[in-house]
Amino acid sequence: MTRLVSLRGAALQLRANPARSSLTAFGVLIGVWLVTIIVTLGATAQGFVADETHRSFGLSGVAALTLGDTAGDPEGPRALTARELNWLRRRATELGLPHAAEVTLAQTSLRLGDQVEFGSVVAVTDDIGAVRDFRLVAGRALTHSDISNNRRVAVVSGALLRRLKVTPESLLGASARSGPEPSDIYSVVGVLVPSLTGDNGLYVPNGSEARRAQRDRPGEVEFLVNTSGAEQAAVVALLQNEFATAFPDRSLVAAGADPAAREVARLSNAFVAVLALLAAAALVVGTLAIASVMSISVRQRESEVGIRRAFGARASDIYKLFLAEASFLAFTGGVCGVYLGLLVVVTATRVARIAFDVPIQLVIPATVLWTAVVITVALGVVAGLLPARTAARLDVIAALRDE
Amino acid sequence: MTALVRLVGLSRSVPDGYVLRPILRDVDLRLDYRTSVLISGPSGSGKSTLLNILGLLDRPSAGSYWLDGVDVAALNDDERSELRGGVVGFVFQHFHLLPTLSVLENVLMPSDYTVGRQSALRDRAEDLLAIVGLADRFESKPMFLSGGEQQRVAIARALLREPKLLLADEPTGALDGATAEEVRGLLMAAVQEVGSTAVLVSHDVARYGPVVDRHFTLVDGRLTPAEGVPR
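First to last, the sequence lines map onto chains A and B. Using the working numbering, you'd call the opening residue of the first sequence number 62 and step up by one each time. Using the working numbering, you'd call the opening residue of the second sequence number 24 and step up by one each time.
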């Protein structure tokens, strides 16, 4: 008997008992369905978090170096000086690290058009492009010309855009005011893509803001280094040590997107793993359902086994027939589970996008899902082994007498 | 000429508590090709056991059995299945159709265990169903057929692979008089057509005695030619 005949026989048997087959496959379906939803949502959520982190911090690998505790400094708290910034720039260049400096002022009230929001004015230098990947939803980015000519133009951050609840296009050309002086007014030239996290402020040319900072109060200067992962910690430690040697009274502290992103990823991985374990338990229950139904099926079909043996079926043919049936049930349940699971996830992400304006991108971990189906079929085969063996070893004469 | 069936000193005993109870005792039988035989006897005389051994579903406790020139004692389970599928066809008293399959699928079921010529077997299944008068019931399920119709399907199934040996255990035992007569006629005609050797086990000597070549009785496990052998 060929595999094809086994599969055909199994398909015929399943078709002949639709209720039993459906219920058994349903057990598997629920397991795979849960696995699909959890894994896909997990991957989508991780992608979303990574994306948001990327949007908020420019690049996930940016470490921001600022001055730490300056209580011992006789001059009191102050920002990184031009000399210190130059030292950092030189060392970063020597180390081959993309870098940039930006001045981040304290939170202030921002008036855009007729709306007022709290936010920050982030004054960026010309080399900002080396560390931040600004993606625009409208308008344009700050150009070299804007920065070098200290133009009073601004790009609105995605987080601020979300809070303002206006269309990006409506902000273009609007005036953004960060203080009472005429020099505190910027013209909005661009809007970044919406994001849920990160700085809700205005990006403006460093030179134009520096004048305001000098007039008002010293701003907090950040030196940004584009590096990530394990390398980031080493680079930051190196810069901190060398900085401490070059400027004994001063110490750098590091803050970066990377540790936060790593922590979020670690937590979401743990969460997905726990849920996946629960789903796997559901899968095992589904497999046990197959084993149980197959055992009942063997008992109900003893006569069929006897008849098939009488007409030339070998014990191995009977074994294959029942094994094919178990695999078929598992495969059908598995594939349906994946498709129905994806249907739920696709619907959920669409609802999130349309109804709640959450810019979530669906991530389908195809390899994981196909692996789930393969594992399900393997579990189905395992579940079918014992019933198939029982069927193959039935006493033919007793089986024929049974009816 | 080699006989299709040759039994020499064949015995079969089964455990009955702490003793072995003999079912068949020292049975000798030779059946040529294209012949028909009736085996009758009282209940419990060993008729079905003999049929099971002839059909390679059971093994004798002692003695020898050659089927189509093959010493079956030397065969393993798979080889016995293969020989059974190639040489033997069964018709059972209670039809033993598979309830989940259609009439045509039931007749074609033995083809699952036949290598090659599937399309030819399908044509033959349709021809056989036409011969037994069920040409318009291919897609029906057995539960929608009468007893006589079910047995006709069973006959078509048994003859699908043109078996050299057809074993029929009370083929009309579950049918009423008129239907039994009709099915008997169909069975014997089909056997004649295919050229099988038919071994019929039946209480109904009056019905089958006149249409078979030889008649044996099995009493207390011993097989003997019946008195007044027909024809």
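Ideal placement from N, C-alpha and C gives every residue a C-beta, glycine not left out. The structure presented is a predicted model; accordingly, all values stated were derived computationally and were not measured.
{"query": "Between the CA atoms of Val-89 of chain A and Leu-447 of chain A - distance to the nearest angstrom", "result": "18 Å"}
{"query": "Beta-bridge partners of Leu-33 of chain B, as assigned by DSSP", "result": "B:Val-50"}
{"query": "Close beta carbons around Ser-209 of chain A, own chain, < 7 Å, minus the five adjacent residues each side", "result": "Asp-187"}
{"query": "N- and C-terminal bounds of the beta strand (DSSP E) containing His-119 of chain B", "result": "Careful: His-119 of chain B lies outside any beta strand (DSSP E) and carries neither H nor E."}
{"query": "Length of the line joining the Cα atoms of Asn-129 of chain B and Ala-385 of chain A", "result": "20 Å"}
{"query": "Inter-stretch contact at 8 Å, needing at least 3 Cβ pairs: the region 47 to 66 of chain B / the region 453 to 463 of chain A", "result": "no"}
{"query": "Gln-116 of chain B and Ala-197 of chain B closer than 8 Å at C-beta", "result": "yes"}
{"query": "Close-in-space but distant-in-sequence residues of the same chain around Ile-76 of chain B (CB under 6 Å, 5 per side omitted)", "result": "Pro-83"}
{"query": "Residue(s) in a DSSP beta bridge with Gly-200 of chain A", "result": "A:Gly-251"}
{"query": "For Leu-171 of chain A, the three-state DSSP class (helix, strand or coil)", "result": "strand"}
{"query": "Check: Arg-238 of chain A C-beta below 7 Å from any heavy atom of the ligand PLP", "result": "The ligand PLP is not part of this structure, which contains no ligands at all."}
{"query": "Same chain only: Cβ atoms within 7 Å of Glu-205 of chain B, ignoring 5 sequence neighbours per side", "result": "Gly-171"}
{"query": "Cα-Cα separation, Leu-466 of chain A to Trp-94 of chain A", "result": "The question about residue 466 of chain A has no answer here: the residues shown for chain A are numbered 62 through 464."}
{"query": "Helix, strand or coil at Ala-179 of chain B according to DSSP, with G and I counted as helix", "result": "helix"}
{"query": "Interface residues of chain B facing Ala-457 of chain A [CB-CB closer than 7 Å]", "result": "Looking at the sequence itself, residue 457 of chain A is Val, so the reference to Ala does not match. Result: Leu-80."}
{"query": "Which residues DSSP lists as bridging His-238 of chain B, in chain order", "result": "B:Leu-61"}
{"query": "Inter-residue Cα distance where the pair is Ser-59 of chain B and Leu-223 of chain B", "result": "8 Å"}
{"query": "Buried versus exposed, by CB contacts within 10 Å (16 or more), His-205 of chain A", "result": "exposed"}
{"query": "Where Asn-330 of chain A sits in the DSSP three-state scheme", "result": "helix"}
{"query": "Through-space distance from Ala-391 of chain A to Val-314 of chain A, alpha-carbon basis", "result": "56 Å"}
{"query": "Neighbourhood of Gly-137 of chain A by C-beta distance below 6 Å, restricted to the same chain and skipping five residues each side", "result": "Caution applies to Gly-137 of chain A, whose pLDDT of 49 falls short of 50 and renders its modelled position unreliable; the value that the coordinates give is listed next. Around Gly-137 of chain A: no qualifying Cβ."}
{"query": "Residues that Trp-89 of chain B bridges to, as DSSP identifies them", "result": "B:Arg-29 and B:Asp-94"}
{"query": "Selection of the region 217 to 235 of chain B by Cβ proximity to chain A, strictly under 8 Å", "result": "none"}
{"query": "Proximal residues to Arg-276 of chain A (C-beta, below 7 Å), its chain only, five neighbours per side dropped", "result": "With a pLDDT of 47 at Arg-276 of chain A, under the threshold of 50, the modelled position of this residue cannot be trusted; read the value that follows with caution. Taken in chain order, the list of residues that qualify is empty."}
{"query": "Exposure label - Ser-70 of chain A; buried when at least 16 CB within 10 Å", "result": "The question names Ser, yet the displayed sequence has Gly at residue 70 of chain A. Gly-70 of chain A should be labelled buried."}
{"query": "Contact set between the region 167 to 195 of chain B and chain A, restricted to residues whose Cβ is under 7 Å from the partner", "result": "none"}
{"query": "Chain-ordered neighbours of Ile-368 of chain A on chain B, where CB pairs are closer than 7 Å", "result": "His-119 and Leu-121"}
{"query": "Minimum Cβ-Cβ distance from Glu-105 of chain B to chain A less than 8 Å", "result": "yes"}
{"query": "Alpha-carbon to alpha-carbon, Ala-352 of chain A and Ala-449 of chain A", "result": "10 Å"}
{"query": "Residues of its chain near Leu-120 of chain A, where Cβ-Cβ distance is below 7 Å and the 5 sequence neighbours each way are ignored", "result": "Confidence in Leu-120 of chain A is poor, its pLDDT being 49 and thus under 50, which makes the residue's placement unreliable; the coordinate value appears in the next sentence. Within the same chain, Leu-120 of chain A has close Cβ partners Val-192, Arg-193, Asp-194 and Asn-287."}
{"query": "Burial state of Val-177 of chain A, where buried means 16 or more other Cβ atoms lie within 10 Å", "result": "exposed"}
{"query": "Residue burial classification, Ile-62 of chain B (beta-carbon count within 10 angstroms, cutoff 16)", "result": "buried"}
{"query": "3-residue-minimum beta strand (DSSP E) runs that sit fully inside the region 412 to 458 of chain A, ordered along the chain", "result": "none"}
{"query": "Contact with chain A by Leu-152 of chain B, beta-carbon distance below 8 Å", "result": "no"}
{"query": "Below-8 Å beta-carbon distance, Asn-99 of chain B vs any chain A residue", "result": "no"}
{"query": "Assumed close pair Leu-263 of chain A, Gly-180 of chain A - CB separation to whole angstroms, cut-off 8 Å", "result": "7 Å"}
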